[in-house]
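Participant: So the protein lines, in turn, are chains A and B.
All residue numbers for the first sequence refer to this note's numbering, where the first residue is 1 and numbers rise by one.
All residue numbers for the second sequence refer to this note's numbering, where the first residue is 1 and numbers rise by one.
Cβ atoms here follow ideal geometry from the backbone N, Cα and C, with glycine treated the same way.
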Amino acid sequence: GAGVSQSPSNKVTEKGKDVELRCDPISGHTALYWYRQSLGQGLEFLIYFQGNSAPDKSGLPSDRFSAERTGGSVSTLTIQRTQQEDSAVYLCASSLMGHRRAYEQYFGPGTRLTVT
Amino acid sequence: QKEVEQDPGPLSVPEGAIVSLNCTYSNSAFQYFMWYRQYSRKGPELLMYTYSSGNKEDGRFTAQVDKSSKYISLFIRDSQPSDSATYLCAMSTPYNTDKLIFGTGTRLQVFP
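1. Can you list the residues of chain B that G110 of chain A reaches, using a CB-CB cut of under 9 Å?
2. So what does DSSP say about Q84 of chain A, is it helix, strand or coil?
3. Determine the direct distance from the alpha carbon of Y25 of chain B to that of Q64 of chain B, and round the result to whole angstroms.
4. Report the CB separation of G43 of chain B from F107 of chain A in whole angstroms; it is logged as a contact under 8 Å.
5. Given this structure, state the Cα-to-Cα distance separating C89 of chain B from K17 of chain A, to the nearest angstrom.
6. Taking only beta-carbon positions, decide if L60 of chain A is within less than 9 Å of chain B.
7. Where does the unbroken beta strand (DSSP E) through I72 of chain B begin, and where does it stop?
8. Of all the residues that make up the segment 82-97 of chain A, which are near chain B by a beta-carbon distance shorter than 9 Å?
9. Measuring only the C-alpha atoms, how far is S40 of chain B from F61 of chain B?
10. Between D58 of chain B and the rest of its own chain, which residues show a CB-CB distance below 7 Å, the 5 nearest in sequence each way excluded?
11. Would you mind working out which of B:M91, B:I76 and B:D78 sits nearest C23 of chain B, comparing C-alpha positions?
12. What residue ranges within the segment 41-108 of chain B form continuous beta strand (DSSP E) runs of no fewer than 3 residues, ordered along the chain?
13. Using DSSP with H/G/I as helix, E/B as strand and the rest coil, what is D24 of chain A?
14. Could you check which residue in A:E104, A:D86, A:F49 and A:G71 has the C-alpha nearest to that of E20 of chain A?
15. Given this structure, state the Cα-to-Cα distance separating Q6 of chain A from T111 of chain A, to the nearest angstrom.
16. Leaving out five residues before and five after S20 of chain B in sequence, what residues of the same chain have Cβ atoms less than 7 Å from its Cβ?
17. I need the straight-line Cα distance from D56 of chain A to Y95 of chain B, nearest angstrom please.
Here you go:
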């Protein structure tokens, strides 16, 4: 079946502009995660949606970052007033909650964001 | 101090070599241990997972967990050029199984 898809694959934006990154999880997966991966850094957790529960936003680095998940499926990560330090690869993952291997996360290819 | 430490490499080995990749961690509550492989410009993919201590083998790959030392390893036997990738370790606790804490990744290059 189809895996996790993300769009756009690449995004170049000017400092101060807003950007929206999209994630389509695997159908039926109720958990969705956003991570940020910077050069030389590991995956930095940003936000996590689990079913109908309130999202875990503990990893969002500032109030310029927000995310929503509509209808328990597609998610959008929004970065307002982008800064150069926001340049990174933004990865989305999904997993099947309630399954004994809920920690098995399937990743999309990522969106490479460059802020100039 | 990061919860999970991983040498970033790069690690360069000849084809056929045995590769050892390692992570150390500080949180003794971690019980689930994963290894992800990430090819260039791709998302990570789950390679192996282990629960608690012990070894797990899958083909040329062996994952090992030593909880007493807070140390995990991934061994790759008969390494191939196609194994060239970044390998990330990840861990989680039983009460938060799907909130993974990742290492920074080790870049491996296997040359023919």
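Facilitator: Let me lay it out:
1. R41, K42 and G43
2. helix
3. 14 Å
4. 3 Å
5. 34 Å
6. no
7. Y71 to I76
8. V89, L91, C92, A93, S95 and M97
9. 20 Å
10. M48
11. B:M91
12. 45-51, 54-58, 61-66, 71-76, 85-93 and 96-102
13. strand
14. A:D86
15. 7 Å
16. S73 and F75
17. 15 Å
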